[in-house]
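In full-length UniProt numbering, the protein residues as written are 1 to 785.
Here the structure is laid out as structure tokens; the discussion comes afterwards.
The structure is reproduced here in structure tokens:
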């Protein structure tokens, strides 16, 4: 059993996804009161999917199945005749709604799966003729050929034929375990666990009378559930969405399947894979008692002992439980206590992990480390963030590049909080005093008063003893760390990746002063010369950019986007421009923002309107604080010594506006071309989030940017600036203002309010030619010549 089991350690379910092989969704057509089936070749030639349901009425009046093309043609003709007689009027039959179609498909799957319990095959016995099954089995004597044939038939959604072939093979004493597994997997993929449960019982269970001879009976009739059979059922019950009406109790059903593996007549040897699948069912459906019951039965070492997946499931459940409980709370003290409780439970589990890992009883994987780090981040304190660094140092060998917080301060704050809570509780009890029989205030005896105090003191001492001060100390020997590799005896490091880099950046973001540690970790992991150098992905890059934005590091932001982001997306520039907006007191902020605009012009087909909005906000903030313009770099002032303060201020503001407009022009031209000539569509929010970097932009935001840019031009064209502008500049500005004035019309507002704007074909082709590596190579060769 687990060295550390605690039923209170889980509060809610956990998402543990095991991807089964995807199969096509069945398609339906409406033709007659029958269900027709045809071989794959014939159906493909006719443009029809095998197993296609052709009726929405009763399934009793079905037509027979034929493996010959002539038979299928005859069946189609008969179906057409039946269809003609069924319709008295020439009005087209109304197509069923998706809900009815889905219900019909589910009903058919369950009916076919349940047909095995009928002695004569049930009402669906005439769907597939016995002669057809015999012809199929004649050429499927090899178990692999049989399994492959069943898989192909299921890919065509001909579930009835696949079931008939497997049942026929079972009656012929053929090995068909893999075929049964395909059927179970298909039902789970179609979100039909009840149908899978029917087939599973038909496959693996026996009656009470012959249970004593179950093994021989299963062997005789080809009933040999494999290890994968149980895995399919357990993970299928775990991964079916809760919104699906299961028609059975998933936990109790999974528990009965899991217990059957350990029966004396079971032909399968239990493994930790089955235990993890059962644990996944428990945490997915929130049955913590059953989970700890299963976990407590696991051996401490040897075959079947907990592995990295087992501990990962438990830690995920603890973390999700903390998040769920905290979201329901409003009091700060209760939230902190719940987080501290979750961290303590997680650290108990991690102590078991370290114990077994250090003795070579457990193979550590990066997913387990990642899950523990995420749990530590839930705490949110300085020490919790430092524990993330110590955890990664313990498991990956990364150096700790942050200062360790003072343990005295941490303990003192905890003690003050406990005393505060205890005094509040005592105050509540004093408000409503107890009285004795004489209506006199009842006072506790000294022994009775000392007992709670002693218990509280004892509990506090126990809490202090369980601080896990050395839990994240190094385990791998420094002498052998360079030689230690995966697969050798003893603990070895796991290799960090992008997700660990993201976790480090989030920990630095949570700390009070985490910029220095964040920059140090980023430089070490992305620019350092060592074996675990990481090429950052977009999530880790965005996490680092958020850290830089928090500390107003606009120059560092520009350098990261310019040097380390190969394919930036709209979110990249949105975060980066937000950093410049926060760093508005920096004398180089305008230069940094303009450089970001240049990078966005080169790397995206269409500019991101929200990033342009942030840029316009920055210009507005600088314009409203003219005292900052005197030292602002990047302006073309042309100041004269004889200028008064008023003229100098107007020159600075005009310079700011003209420089901003100059950098905005390429993006405004792109937006104008797309808004005028590009395709518009209406995409749901979920689809927008999955859209690519340059696919579409928000029409409403783009129109707003065009309107605000026109306002910027009108600011430049104010009468007080007439003496500071040349006639050619004024004419150009007036033309641009006139061109952008149409985006202020009410008709334009309605047109783009909910629209998504696509780039024009010319814009896409120009962008591709500009970024074609082959063309760049040819241009470089021409320059070299």
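Glycine included, C-beta positions come from ideal geometry on N, C-alpha and C.
To the nearest angstrom, report how far apart residue i and residue j are at their CA atoms.
i           : j           : result
residue 637 : residue 724 : 11 Å
residue 344 : residue 194 : 40 Å
residue 758 : residue 295 : 54 Å
residue 534 : residue 564 : 11 Å
residue 659 : residue 652 : 11 Å
residue 600 : residue 668 : 13 Å
residue 506 : residue 747 : 45 Å
residue 304 : residue 249 : 26 Å
residue 267 : residue 228 : 12 Å
residue 621 : residue 650 : 16 Å
residue 673 : residue 334 : 55 Å
residue 559 : residue 497 : 22 Å
residue 235 : residue 529 : 42 Å
residue 554 : residue 634 : 15 Å
residue 340 : residue 379 : 7 Å
residue 181 : residue 331 : 51 Å
residue 568 : residue 677 : 25 Å
residue 417 : residue 381 : Below a pLDDT of 50, predicted positions are generally treated as unreliable, and residue 417, at 48, falls in that range; the measurement from the model is reported next regardless. For residue 417 and residue 381, the distance between alpha carbons rounds to 14 Å.
residue 626 : residue 632 : 10 Å
Helix, strand or coil, according to DSSP, for residue i in the structure here?
i           : result
residue 696 : coil
residue 290 : helix
residue 494 : coil
residue 730 : helix
residue 267 : coil
residue 186 : helix
residue 249 : coil
residue 197 : helix
residue 851 : In the structure displayed, the chain extends from 1 to 785; residue 851 sits before or after that span and is not available.
residue 518 : helix
residue 406 : coil
residue 176 : coil
residue 379 : helix
residue 588 : coil
residue 539 : helix
residue 787 : Past the boundaries of the shown model lies residue 787; the chain is included only from 1 to 785, so the question cannot be answered.
residue 509 : helix
residue 744 : helix
residue 143 : helix
residue 372 : helix
residue 399 : coil
residue 645 : helix
residue 156 : coil
residue 361 : coil
Can you pull the DSSP bridge partners for residue i?
i           : result
residue 680 : 757
Where do the N-terminal and C-terminal ends of the alpha helix (DSSP H) with residue i fall, by residue?
i           : result
residue 621 : 609 to 624
residue 227 : 227 to 239
residue 311 : 308 to 327
residue 191 : Unbroken run through residue 191: none, as it is neither H nor E.
residue 387 : 382 to 396
residue 351 : 332 to 358
residue 171 : 159 to 171
residue 304 : Residue 304 -> no alpha helix (DSSP H), and no H or E assigned at all.
residue 278 : 272 to 285
residue 137 : 130 to 138
residue 578 : 570 to 582
residue 563 : 554 to 563
Does the ligand MN have even one heavy atom less than 7 Å from the beta-carbon of residue i?
i           : result
residue 763 : The ligand MN is not part of the structure shown, which contains no ligands of any sort.
* Tell me, please, whether the stretch 539 to 554 touches the stretch 568 to 586 by the rule of three or more beta-carbon pairs shorter than 8 Å. => Using a Cβ-Cβ distance cut-off of 8 Å, the stretch 539 to 554 and the stretch 568 to 586 are in contact, since at least three pairs of beta carbons, one from each stretch, lie closer than that value.
* If we count Cβ pairs, one from each stretch, closer than 8 Å, do we get three or more for the stretch 522 to 536 versus the stretch 383 to 395? -> Flag = no, the stretch 522 to 536 and the stretch 383 to 395 do not touch.
* Between the stretch 753 to 773 and the stretch 733 to 741, do at least 3 Cβ pairs fall closer than 8 Å? -> Short answer: they don't touch.
* Are there three or more Cβ pairs, one per stretch, closer than 8 Å when the stretch 323 to 330 is compared with the stretch 263 to 274? -> These segments do not touch.
* To do: Taking 8 Å as the threshold, find out whether the stretch 608 to 619 comes into contact with the stretch 704 to 711 through three or more Cβ pairs.
  => Verdict: yes, contact present.
* To do: Determine contact between the stretch 396 to 404 and the stretch 346 to 360, defined as no fewer than three beta-carbon pairs at a distance below 8 Å.
  => Too few Cβ pairs lie closer than 8 Å, so no.
* Does the count of Cβ pairs from the stretch 512 to 519 and the stretch 467 to 478 closer than 8 Å reach three? -> Pairwise C-beta distances place the stretch 512 to 519 out of contact with the stretch 467 to 478, as fewer than three of them are shorter than 8 Å.
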